[in-house]
Amino acid sequence: MTTTRATKPKPDAPAGALPPQYNPADVEAEMNRRWQAANAYAAQPSDDGEPFSIVIPPPNVTAALHLGHALNNTLQDVLVRHARMAGKNAVWLPGTDHAGIATQTVVDKRLQQEGKKSLKDYKRDEADGKNGRDAFIAKVQDWKDEYEQRITDQLKAMGCSCDWGRQAFTMDDARSRAVREAFFQLFKDGLIYRGKRLVNWDPVTQTALADDEVEMEEIDGNFYYMKYPIVRPKPGAERSEASAPNPDDWIDTGEFATVATTRPETMLGDTAVAVNPDDAPRAKLIGQFVKLPIVNRIVPIIGDDYVVIPDEDSDDGKARMASGFLKVTPAHDPNDYDIGQRHDLPIVNVMAPDASISKDHGWPADEQPENNPDLQPILGLSREAARKAVVQWFKDHGLMQEIKPYRHAVGHSYRSHVPVEPYYSDQWYLKVTDDRLKGTALRAMDESQREASDNTAFDTKPESQQTGLTFTPPRYAKTFQAWHENLRDWCISRQLWWGHRIPVWRRDHAAKQLPEDLASFTAQIMAWQQAGRVAVQYRGEFVSLESFELQDADLTAFFVAVHDPEGEDADVVDVLEFHGLERDPDVLDTWFSSALWPLSTMGWPDDTPELDTWNPTSVLCTAREIITLWVSRMVMFNLYFKGRLPFKDVFIHAMIQDGHGQKMSKSLGNGVDPVDIIHSHGSDAMRFTLASMTTHTQDVRLPVDMVDPHTGETIHPDFITTKAGHKVAAPIQEHNGKKCVSSYGLASGEATPTDDMPLARNTSEKFDLGQRFANKVWNATRFALSNLDHAGAHEAEDALSPQLTERWILSRLARTVRQCDKALAGYAFAEYATACYDFFWRDLCDWYIEAVKPTVAENPTQQRVLAACLDAALRLLHPAMPFVTERLWEALNDAWPDTRSVDGLMLQPSELLVLAHWPEAANVLIDEDAEAEFGRTQEIVGAIREARTRLKVPPRDTIELSSEEPAAIAKSVAENRWIAETLAGFRGREFGPSVRPPEGAAVVLAGGCKIFLHGLGGDTSAQRAALEKKRDELAKSVANFEKRLGNKSYVDKAPAHLVQETRDQLAATRQQLADVEAQLEALG
RNA sequence: GGGCGAUUAGCUCAGUUGGCCAGAGCGUUCGGUUUACACCCGAAAGGUCCUCGGUUCGAGCCCGAGAUCGCCCACCA
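This is the structure:
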């Protein structure tokens, strides 16, 4: 029986359920429910298939996700969905990061804005013994719960196929246990130590920062040239080497040492003035002294070759600015600290932790700063105010020689954005410079990506690893290597509350009463240490207590790390605290727990099946800014604790910039919430577009538009330039006489949304690409469904008769499957997306469907091939566009319930597309003859269409034509003429080698045929113009080929097949040229 | 200061190991409502591949120099 379309739509037919436009909002939530109900993303280590795993780079719970996250997670989801379909045991582990300093800061800021009790109040409570710490942490916990939920919702809206049952948080119980275990092992192994040195101090959040948490920003400052009086001892005054020189015993020489500095206020902590020993005019002053103005400290002039010798003509900016005298402030400058170490200078810290000037944090008491009338007004000032005061003092006393403007880079806290203060303090360090960490990480690099270097001993070949850590694109291996080669020890303690508290106990004050029975206390600790319950360091050294005399020890330098203080070793803690030891108040750097992520999410430190199966993970997908902060540390930790890499591949994707090439940031309001895009374009559209933007470049620009909240129209916002030089959307936008607030307006506080002036969502026309494509896929499927007559096609199964169209489209499909496989294996997401796009839209829709349109409803073969192509295309597209493809899969399953496989193309049935198998196309499908022949048809169709447009033939008119075809191709052209007739809208009259042009016909040359368009030759001038244009092009080509072949070196040196190719081309082009010229001739 | 990247059509970007006339999407122009899709169909116009020099039979691609922009790293005199 033959079913016609007229009898088709059954009342409940799925095709009838598909509206003519794809509306994502109607589909996305339902598909998510379906996947969840099928538990489609859950994986078990014991499942079949080659293991494939990805751990999500855990987003910070500080804020909702932006488009950069959307890109990052889309790519991971493409990989995971593809791996799942390819039959792998694929898992994607989701989670979030507690982001210590960032979250604590943002919560404190929010509390302050709301006028509620904020961090400083809780700190006061804590000091008063009212448990402010726990109360504040509870506030942060609330924030975390809220944002973790929001992030999870965003990821689900994007369609991320995470195994939600395994969701982790860097501070949950399992992850906390991993952190304690890692800390304990590293401490026991002597890789964690306590050190007092200059750290990057954030005076606002009042915590130390790691080197890479400091951002350099250019600021306009000044160079101050300040005169320090050179003094000599009063004749007869007593000089004691033991104590500091008494200023009263010194008198001015009348000479000055002029120091140059950008930070005048730190002069209060100067303990020397340095000159370069090679700086002849000044070096002779070495050994003399200056009296430090304001504080009256007598400090030596020392020689150190760090000092830059002034040179006005130098290329070096410093040499041009230098005075030759360098003030040395060991407590407030890292370089000065080093100089101080070399010369054994005292360290005078003149600041409190909030960076105000203070006499109470390391100012020598014998200088009696509190009795100094010059100093008095400066004490207590902020560093900025102190700078002004010091400068004024020098001016008032005639000691300010000069002030020059100077633009330079200053380190700022990446959180509070204030200048970082080098600050002298006690901190915990991880000795990443140890070969067990840094060396192992470097040696884990894949050999092909290592770069010869003076700094790295790659003499040890990797231990028979087939491949090591591999970066895509490869250039990022260099970043990784260079970072490790210049590594410094990692400051891991933070003076925060939100984080993993350091599991170390010690005595806070030496004066506290000692345990009564020291001997038994020592024995007890020794026993615990032997049992692996504690580890002990004394003055930074790991100690064996057998030979240790606790009685003699300074208990403030005696550190006891407890293995599991929150768990099994709680009793140990009780004993320690009973004996007056207290827990370190600091927490660990956020990245310490992030660094364990590929381990901790898999259940480490236990030996879990997850760890065995999915660690190392398959690939880490991230942005390049995080190579140093995160990638490096995961590599070191996984290798150290587990002896293997955390992942084999690292894929670094682009950063998304706004339309002006600026980094997207919260403060500029140019960051885009993926939910806004899902709102305007749909999730699939966003995902597909992001994937097709992902080439191996560094950055991509994404011009951001806005949705007018009044009308829903997309508007191009007006931009303004901020004082800092950023281009941002004006706070208030006006469109059609109505106003709305931009996200910059909201972020900057310059505009507040109201009912009349609502906040506008962001969008971008970039995503139109994906939106259109989703709609195209939707409609092509609708067309197919209304033409697939499953029952009829099934009956005719034995009588399949594929024609050129079928051979061609299956060949194209097979090539597309290969392209997708290759692209995804190499993380070439744009290639994957483009291959799908071109196959679906250009080949399947524009050519195949258009060609079979008149016949497919009656033609079982065409129906079967169409069903197969559609099936395979939905599979190929699913990783990029999961929602629309899943919805259409359902419809296709209804319309064509059993196998859609055809010879050479295996398409296993599946109820859900998410669990369907990736298509496999056999080589036999690749049909070069069909591709060539179809190519000829395309050429003929193109030429006729072009002529129709040129000759202004209305699109619906059918024209008549004849064609003169060489005998060699006449047969196949004849066989396939129906395709061209359908696509170019003509009816054929006469064909063959001896056809003559009818009177008044226009001529088209294409595909080796001379095509005569009946009755369209009237406008000879238009025809002539077209032919002349073609003639010129051909003549140019001929000349080109002739020139190349006339070049003896080309013929001699170029590969033979290329030369032959050129000869063939020349012959063919000459023939075409002759035809065109003959035609022009005939035209008269 | 060191490193990385970018510069190709009006815009946003592709261009695999050098090899026919450098491509796509958007935008522009022209023509189209044939019941899959106007988020569509057909056609067209549009490019000194940043500049200069070099290697090569042949350069958008390789080498050198320069210009402009961006990012990462770097101890703020």
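Start counting the first sequence at 94; every next residue gets the next number (the working numbering). C-beta atoms are modelled at their ideal positions from N, C-alpha and C, and glycine is treated no differently.
Checklist line | Own chain partners of Ala-1077 with C-beta closer than 8 Å, once the 5 adjacent residues on each side are dropped | finding: Residues Ile-1033, Val-1034, Ile-1037, Arg-1038, Arg-1041 of the same chain have their beta carbon placed closer than 8 Å to that of Ala-1077, with the five preceding and five following residues left out of the count.
Item checked: Chain-order list of residues whose beta-carbon lies under 8 Å from that of Thr-355 (same chain, five-residue window excluded) -> Gly-314, Asn-315, Phe-316, Tyr-317, Tyr-499, His-501
Next item on the list: Would you mind giving the Cβ-Cβ distance between Ala-853 and Val-800, rounded to the nearest angstrom? I have them listed as a contact below 8 Å.
Entry: 6 Å
Next item on the list: State the start and end residues of the unbroken alpha helix (DSSP H) segment that holds Glu-1032.
Entry: 1021-1043
Notebook entry, point to check: In terms of alpha-carbon separation, which member of Asp-119, Asn-165, Pro-138, Trp-128 lies closest to Glu-718?
Noted result: Asn-165
Next item on the list: Could you work out which residue in Asn-339, Ala-1094, Pro-296 is closest to Leu-1044 when comparing CA atoms only?
Entry: Ala-1094
Check: Does the Cβ of Ile-770 have 16 or more other Cβ atoms within 10 Å, making it buried, or fewer, making it exposed?
Finding: buried
Check: Nearest to Ile-432 by alpha carbon, out of Tyr-733, Lys-1122, Val-400, Gly-208?
Finding: Val-400
Check: By how many angstroms is the C-alpha of Leu-1127 removed from the C-alpha of Gln-1165?
Finding: 7 Å
Next item on the list: Please confirm whether Ala-424 and Gly-455 have their CB atoms less than 9 Å apart.
Entry: yes
Note to self: In the DSSP assignment, the alpha helix (DSSP H) including Cys-913 goes from what residue to what residue?
What the structure shows: 897-918
Notebook entry, point to check: If you draw a straight line from the alpha carbon of Gly-283 to that of Val-292, how long is it in whole angstroms?
Noted result: Between Gly-283 and Val-292, the alpha-carbon positions lie close to 21 Å from each other.
Check: Would you report the Cα separation of Ser-836 and Ala-784, rounded to the nearest angstrom?
Finding: 25 Å
Next item on the list: Can you say whether Glu-360 is buried or exposed, counting buried as having 16 or more other CB atoms within 10 angstroms of its CB?
Entry: Strictly speaking, residue 360 in this sequence is Met, with Glu absent from that position. Met-360 comes out buried.
Notebook entry, point to check: Hey, is the region 484-493 in contact with the region 319-330, meaning 3+ C-beta pairs nearer than 8 Å?
Noted result: yes
Next item on the list: Since I believe Gly-193 is in contact with Thr-683 (beta carbons under 8 Å), could you give me their beta-carbon distance rounded to a whole number of angstroms?
Entry: 4 Å
Notebook entry, point to check: Are the beta-carbon atoms of Ala-918 and Ala-928 separated by less than 9 Å?
Noted result: Cβ distance not < 9 Å, so Ala-918 and Ala-928 don't count as in contact.
Item checked: Pairwise C-alpha distance: Trp-598 and Gly-673 -> Those two C-alpha atoms are separated by around 9 Å.
Margin query: Considering just the uninterrupted stretch of the beta strand (DSSP E) at Gly-625, what are its terminal residues?
Written below: Run containing Gly-625: none; DSSP gives neither H nor E here.
Item checked: Cβ-based neighbour list, Val-1152, same chain, cut-off 8 Å, excluding 5 preceding and 5 following -> Leu-1138, Tyr-1143, Val-1144
Notebook entry, point to check: For Thr-300, is the classification buried or exposed, using 16 other Cβ atoms within 10 angstroms of its Cβ as the cut-off for buried?
Noted result: With 16 or more other Cβ atoms within 10 Å, it is buried.
Margin query: Taking contact to mean 3 or more Cβ pairs, one atom from each stretch, closer than 8 Å, check whether the region 687-696 and the region 264-283 are in contact.
Written below: yes
Item checked: Selected residue, minimal CA-CA separation from Arg-390, among Ile-379, Asp-939, Val-366, Val-1046 -> Val-366
Check: Going straight from the alpha carbon of Tyr-925 to that of Thr-198, what length do you get?
Finding: Looking at the two C-alpha atoms, the distance is approximately 41 Å.
Next item on the list: Could you please give me the residues that DSSP links to Cys-584 through a beta bridge?
Entry: Tyr-522
Item checked: Unbroken beta strand (DSSP E) run spanning Leu-713, endpoints -> It spans 710-716 - the beta strand (DSSP E) in which Leu-713 sits, taken as one unbroken run.
Next item on the list: Identify whether Arg-177 lies in helix, strand or coil by the three-state DSSP scheme.
Entry: helix
Check: Got a sec? Which residues, its chain only, sit under 7 Å from Pro-1059 by beta carbon, not counting five neighbours each side?
Finding: Pro-1086, Gly-1101
Check: To which residues of the same chain is Ala-1099 closer than 8 Å at the C-beta, ignoring the five residues directly before and after it?
Finding: Glu-1032, Ile-1033, Gly-1035, Ala-1036, Ile-1037
Margin query: What does the alpha-carbon distance come out to for the pair Asp-700 and Glu-675?
Written below: 33 Å
Note to self: For Phe-418 and Ile-387, I'd like the C-alpha separation in whole angstroms.
What the structure shows: 19 Å
Margin query: Nearest by alpha-carbon distance to Leu-704: which of Leu-681, Ala-654, Phe-734, Asn-465 is it?
Written below: Phe-734
Item checked: Nearest neighbour of Pro-113, chosen from Val-958, Arg-127, Phe-876 [CA to CA] -> Phe-876
Check: By Cβ distance, which residues of its chain are closer than 7 Å to Leu-732, with the 5 residues on each side in sequence left out?
Finding: Result list for Leu-732: Thr-533, Ala-534, Ala-537, Leu-738, in chain order.
Notebook entry, point to check: Helix, strand or coil: which one does DSSP assign to His-772?
Noted result: Taken through DSSP and simplified to helix, strand or coil, His-772 comes out as helix.
Item checked: Arg-1156 CB to nearest heavy atom of the ligand NAP below 8 Å -> You won't find the ligand NAP in this model; it holds no ligand whatsoever.
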